[in-house]
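*Asks:* Below you will find the structure I want to go over with you.
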Ligand code: ADP
């Protein structure tokens, strides 16, 4: 059902195609609407401005030697018609210039009307618009011009059509039709290439990603192409690398766990069988071996449980004020007792008692694991130093051994679950490979800083820090 639902969703190709076509149609519709609504109005405004400008230009150049040819040029530039008259006296108006299409040619000789226009303009701030219809405009302006100290009055009449000629409209429409068709064709072509450039890498990627679900982690995603796709490829590549690492670790983990479980189990079953079949072998030593191996199994299973609980986040921290000094001291003492006969020298150095906020059980686990490792890995002098140092409001516990140390390349790895530097399990050093992973997870949950410094041949120093709640002299 789900798959069919996904299939029904439109592809990126189709979505881009539809969007581009829709966008082009909207643009075409807008252009057409504008053309229909505003062509006439814009044409009219342009013409009105041309009329005004022509009148102004003619007046500004009044009296120039080539005034008439100037008027002819201006009217043809602005595609309007004009006529110029000189006002002599009442009822006497003399024509100076008139275009063929000037309004005045129709009313030639109609001096009465010209006089009326002259007076109307004269009385109305020197301007008068006798005709202003939806198709035509006639504009009159009067002005005074002085020639050789004799002032004279002139009248300029500019007229023009204000509706675009049908030929012009037809030309605009044909242009728009061509533009609309070109726009549609271009959007089809662009959407084709655009969708290809986006969908092709995405579909390639999804094909490869499918192989991840089949546990094939050898795929690699092409990091070329647009930025988002390249970023996705980078993210997928690093996720694949992580998955591969995880899968390798998991395989190793299972191999290690089964190896470690099998060893004590073989011992237990072997010794039990021997003791069952040979009554002479039922000695306390043999019994002890079975008990020891059972304890080893127990601690392995417990460690595994702790790690998985800590990592799943289901572990609740029970924080309270704990004397870290006492916790470390008690652990050291317990070890001293345990190793009494083995000539180990475990030294605890501290000069005050420090209280921190921690989950006591978990804190003890950290201390126990670090001291345990130090004892297991320390050198022939069999010495382990546990040091408490106070810096301002921070206490640092360091566990120092004199063992073989850890190489630089292994240092970051030892905190990983089940990582062992020496993959060949030595019976002499018993370890589950989980100790440091437990330490790390507990310290992370406490928000503590921790680390290790080590040099091959010179031992290791494992340390962690807690914020001090209270400190007092011992
Ligand atoms: P293990 O149970 O094997 O000690 P840990 O998680 O405690 O597991 O440690 C992981 C690995 O780190 C160990 O196998 C060992 O190789 C290395 N290691 C830990 N502590 C020390 C140390 N004090 N000196 C040298 N190597 C150490």
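Numbering (this note's numbering), first residue to last: 8 to 481. We put the beta carbon where it would ideally sit given N, CA and C, even for glycine.
#1: Within 10 angstroms of the Cβ of residue 400, are there 16 or more other Cβ atoms? Answer buried if so, exposed if not.
#2: Assuming residue 382 and residue 351 form a contact by the criterion Cβ under 8 Å, report the distance between their Cβ atoms to the nearest whole angstrom.
#3: Throw me the rounded Cβ distance for the residue 482 and residue 148 pair, which I believe falls under 8 Å.
#4: In three-state terms, what does DSSP make of residue 162?
#5: Assess contact between the stretch 319-328 and the stretch 357-369, defined as three or more Cβ pairs (one per stretch) separated by less than 8 Å. Is contact present?
#6: Beta-carbon within less than 8 Å of residue 124's beta-carbon, same chain only, minus the 5 sequence neighbours each way: which residues are those?
#7: Using a Cβ-Cβ cut-off of 7 Å (strictly less than) and excluding sequence neighbours within five positions of residue 58, which residues of its own chain qualify?
#8: Confirm the yes/no value for this check: CB of residue 304, any heavy atom of the ligand ADP, distance under 7 Å.
#9: Is the beta carbon of residue 335 less than 8 Å from the beta carbon of residue 395?
#10: Are residue 460 and residue 471 close, meaning C-beta to C-beta below 8 Å?
#11: Looking at C-beta atoms only, is the number of pairs between the stretch 352-361 and the stretch 293-311 that lie closer than 8 Å three or more?
#12: Report the three-state DSSP secondary structure of residue 222 (helix, strand or coil).
#13: For residue 30, which residues from the same chain have a beta carbon less than 6 Å from its beta carbon, with the 5 sequence-adjacent residues on both sides left out?
#14: Would you mind giving the Cβ-Cβ distance between residue 90 and residue 77, rounded to the nearest angstrom? I have them listed as a contact below 8 Å.
#15: Near residue 369, what residues of its chain come up, given a Cβ to Cβ distance below 6 Å and the 5 sequence neighbours on each side ignored?
#16: Starting from residue 372 and walking both ways along the alpha helix (DSSP H), at which residues does that stretch end?
#17: Could you check the C-alpha separation between residue 225 and residue 215 for me, to the nearest Å?
#18: Whose C-beta lies closer than 7 Å to the C-beta of residue 458 among residues of the same chain, with five residues either side of it excluded?
#19: When you compare only the Cα positions, how much space is there between residue 411 and residue 392?
#20: Our contact map puts residue 475 next to residue 397 with C-beta atoms below 8 Å; I'd like the distance itself, whole angstroms only.
#21: Among residues of its own chain, excluding the 5 on either side of residue 198, which ones have a beta-carbon nearer than 8 Å to its beta-carbon?
#22: Going by the C-beta, is residue 355 closer than 7 Å to any heavy atom of the ligand ADP?
#23: Assign residue 195 to buried or exposed, taking buried as 16 or more other Cβ atoms, counted over all protein chains shown, within 10 Å of its Cβ.
#24: What are the boundary residues of the alpha helix (DSSP H) that residue 458 is part of?
#25: Which residues does DSSP list as the beta-bridge partners of residue 96?
#26: Taking the alpha helix (DSSP H) that residue 444 falls in, what are its first and last residues?
#27: Give the straight-line distance between the Cα atoms of residue 184 and residue 38, rounded to the nearest whole angstrom.
#28: Which whole runs of the alpha helix (DSSP H) in the stretch 223-293 are 4 residues long or more, in chain order?
#29: DSSP state of residue 170, grouped into three classes?
#30: What residue does the beta strand (DSSP E) around residue 139 start on, and which one ends it?
#31: Tell me whether residue 383 counts as near the ligand ADP, meaning its Cβ is closer than 7 Å to at least one heavy atom of that ligand.
#32: Please confirm whether any heavy atom of the ligand ADP lies closer than 7 Å to the CB of residue 441.
#33: Residue 105 bridges to which residues according to DSSP?
#34: From what residue to what residue does the alpha helix (DSSP H) around residue 20 run?
#35: Suppose you measure from the CA of residue 480 to the CA of residue 219; what does that come to, to the nearest Å?
#36: Assign residue 74 to one of three DSSP states: helix, strand, or coil.
*Replies:* According to the data block:
#1: exposed
#2: 6 Å
#3: Because the chain is modelled from 8 through 481, residue 482 falls outside the range shown and cannot be assessed.
#4: strand
#5: yes
#6: Here the set comprises 135, 137, 147, 162, 164.
#7: Within the same chain, 87, 144, 146, 165, 167 come within 7 Å of residue 58 by CB-CB distance, once the 5 residues on both sides are set aside.
#8: no
#9: yes
#10: no
#11: Under the three-pair Cβ rule at 8 Å, the stretch 352-361 does not count as touching the stretch 293-311.
#12: coil
#13: none
#14: The Cβ separation is near 14 Å, so there is no contact.
#15: Closer than 6 Å at the Cβ level, and outside the excluded window around residue 369, lie 449.
#16: In this chain, the alpha helix (DSSP H) harbouring residue 372 covers 367-384.
#17: 10 Å
#18: 470
#19: 15 Å
#20: Indeed, because the Cβ distance is near 7 Å, the residues count as touching under 8 Å.
#21: 23, 24, 26, 27, 28
#22: no
#23: exposed
#24: From DSSP, residue 458 is part of no alpha helix (DSSP H) but of the beta strand (DSSP E) over 457-461.
#25: Paired residues: 99.
#26: Per DSSP, the continuous alpha helix (DSSP H) segment holding residue 444 begins and ends at 442-453.
#27: Approximately 11 Å, taken between the alpha carbons.
#28: Runs of alpha helix (DSSP H) with 4 or more residues, each lying fully within the stretch 223-293, are found at 234-284, listed in chain order.
#29: In the structure shown, residue 170 sits in coil (DSSP, three-state: anything other than H, G, I, E or B).
#30: 134-139
#31: Remark: the C-beta of residue 383 is in contact range of the ligand ADP, defined as less than 7 Å to any heavy atom.
#32: Result yes, Cβ under 7 Å from the ligand ADP.
#33: 90
#34: 19-67
#35: Approximately 60 Å between the Cα atoms of the pair.
#36: helix
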